[in-house]
Amino acid sequence: MSKEIVVSGIRSTGYLHLGNYFGAIQNYIKMQEDYNCYFFVADYHSLTTHPNPKDLKANVFRVLAENIASGLDPNKVALYAQSDVPGIPELFLLLNMIVYKGELEKVPTFKDKVRLQPDNVNAGLLTYPVLMAADILIHRALKVPVGKDQEQHLEMARNFAQRFNNRYGEFFPEPQVFRFNNDTVKIMSLDGIGKMSKSENVNATIYLSDEDDVIRKKIMKAKTDGGPTEPNMEMPDFIQNLFLLLELTATPETTASFRAAYANCNIRYGDMKKQLAEDMVNFVRPIREKAAELQKDETLLRKILKEGAEKANESAAKTISGARKLVGVDYY
Ligand code: TRP
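For the sequence shown, our numbering assigns the number 158 to the initial residue and increments by one for each residue that follows.
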């Protein structure tokens, strides 16, 4: 049996943090064993915000290094840059002919961008979902691991696939959201406001690139309260979040002993944070060091990108040749 095809795009902007690690990367790592995975850095997508050309390569190499340091294995998955696969923009062009301006203008993420960057409402923003559909359909993928915020884009990819099939003949499978049995882990920001995110509160977010002392400082400043006032009290969400982080990085005994202290109302948050800080430092350090080492080795990163592109281009070429035949752009 051949393995099912999975595609996912990794944003090339921002530094990876614990929310990305436990929410996405860990799932990628589990998938790489059982699926035929195509994971790519979405560098073309990042151009919608006009990043400084001088920063682009460093951004791409950093996310690549951070993902590999976190456990993504380029020998098991095709790990590539979107811009190294010309079949993607080619399929994007074909899809654009069956996608309507009106449906793109209605997309909530587009409307958000119009509000957030009114001075730069470029066509790339409007057609973002079409490029994303091309990313997925280029490998005729069945499964796409994405967060809630991307589910609508995926639904559009399904619509476009269906529309293509109706017009030109059955060709693309309809890609589905990949869901994990265990609900995806959600990490809250350390200030208790929303989830740990790339851009918002930098001081309440732990990045995989944070130095030991930065991690300690951030954890010691995490939001707590006056502590439980009666036995077995329910925890506020920001305390639950600290326990979740402890569970993800400390030994079960450590977590159990702080849970018991909480239940008995004699927990000292200062002690718990000190412990969490040390466990977190031990957790992040090897990833940070590995990522830094990889980023220094551009020859290796280039080799990885090249091999990933070869795998991706092999699969893309088949799709493009099939799609061109169906559309009729096929003369030889
Ligand atoms: N839009 C996705 C995000 O913001 C990234 C992405 C681009 C993607 N192309 C994709 C994800 C294809 C899954 C499949 O996170």
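Even glycine gets a Cβ: it sits at the ideal position worked out from N, Cα and C.
Length of the line joining the Cα atoms of residue i and residue j
i      : j      : result
Glu357 : Asn216 : 18 Å
Thr341 : Asn398 : 14 Å
Arg373 : Leu433 : 9 Å
Met254 : Val303 : 26 Å
Ala504 : Ile162 : Outside the displayed span of the chain (158 to 489) sits residue 504, for which this structure offers no information.
Ser414 : Ala235 : 43 Å
Tyr172 : Ser366 : 7 Å
Asp487 : Gly351 : 51 Å
Val359 : Asp191 : 35 Å
Val278 : Tyr257 : 17 Å
Pro231 : His207 : 29 Å
Tyr520 : Glu467 : Residue 520 lies beyond the range of the chain shown here (158 to 489); nothing can be said about it.
Ile461 : Met392 : 45 Å
Asn439 : Lys305 : 30 Å
Arg425 : Gly384 : 8 Å
Lys187 : Met437 : 22 Å
Lys447 : Leu221 : 12 Å
Ser472 : Asn193 : 11 Å
Asp292 : Thr411 : 44 Å
Arg442 : Tyr178 : 14 Å
Glu404 : Arg320 : 46 Å
Thr476 : Leu252 : 13 Å
Pro243 : Ser478 : 13 Å
Leu301 : Glu387 : Residue identity check: residue 301 is Val in the sequence provided, not Leu. Cα to Cα, the separation comes out at about 45 Å.
Ala290 : Leu250 : 11 Å
Leu311 : Asp212 : 29 Å
Ser165 : Phe197 : 7 Å
Residue i - containing beta strand (DSSP E), residue span
i      : result
Ala238 : 235-238
Ser165 : 162-167
Phe218 : From DSSP, Phe218 is part of no beta strand (DSSP E) but of the alpha helix (DSSP H) over 210-226.
Span of the alpha helix (DSSP H) around residue i
i      : result
Phe328 : Segment: none, Phe328 is in no alpha helix (DSSP H) and carries neither H nor E.
Asp371 : The question names Asp, yet the displayed sequence has Val at residue 371. 369-377 is the span of the alpha helix (DSSP H), which, as asked, contains Val371.
Phe415 : 409-420
Asn398 : 394-406
Tyr201 : 200-203
DSSP beta-bridge partners of residue i
i      : result
Met188 : Answer by DSSP bridge pairing: none, since Met188 is not bridged.
Phe197 : Gly166, Tyr237
Met345 : Lys352
Lys300 : Val163, Gln333
His174 : Tyr364
CB contact below 8 Å: residue i versus chain D
i      : result
Leu451 : Given the protein chain composition of this structure (a single chain), no chain D is represented.
Check: residue i C-beta below 7 Å from any heavy atom of the ligand COA
i      : result
Gln274 : In the structure on display, the ligand COA does not appear, and the ligands it does have are the ligand TRP.
Every unbroken beta strand (DSSP E) within the stretch 232-285, with a cutoff of 3 residues, ordered by chain = Taking only runs of at least 3 residues, the beta strand (DSSP E) segments lying wholly in the stretch 232-285 are 235-238.
Entirely enclosed alpha helix (DSSP H) segments - the stretch 431-486, minimum 4 residues | For the stretch 431-486, whole alpha helix (DSSP H) runs of length 4 or above, ordered along the chain, are 455-484.
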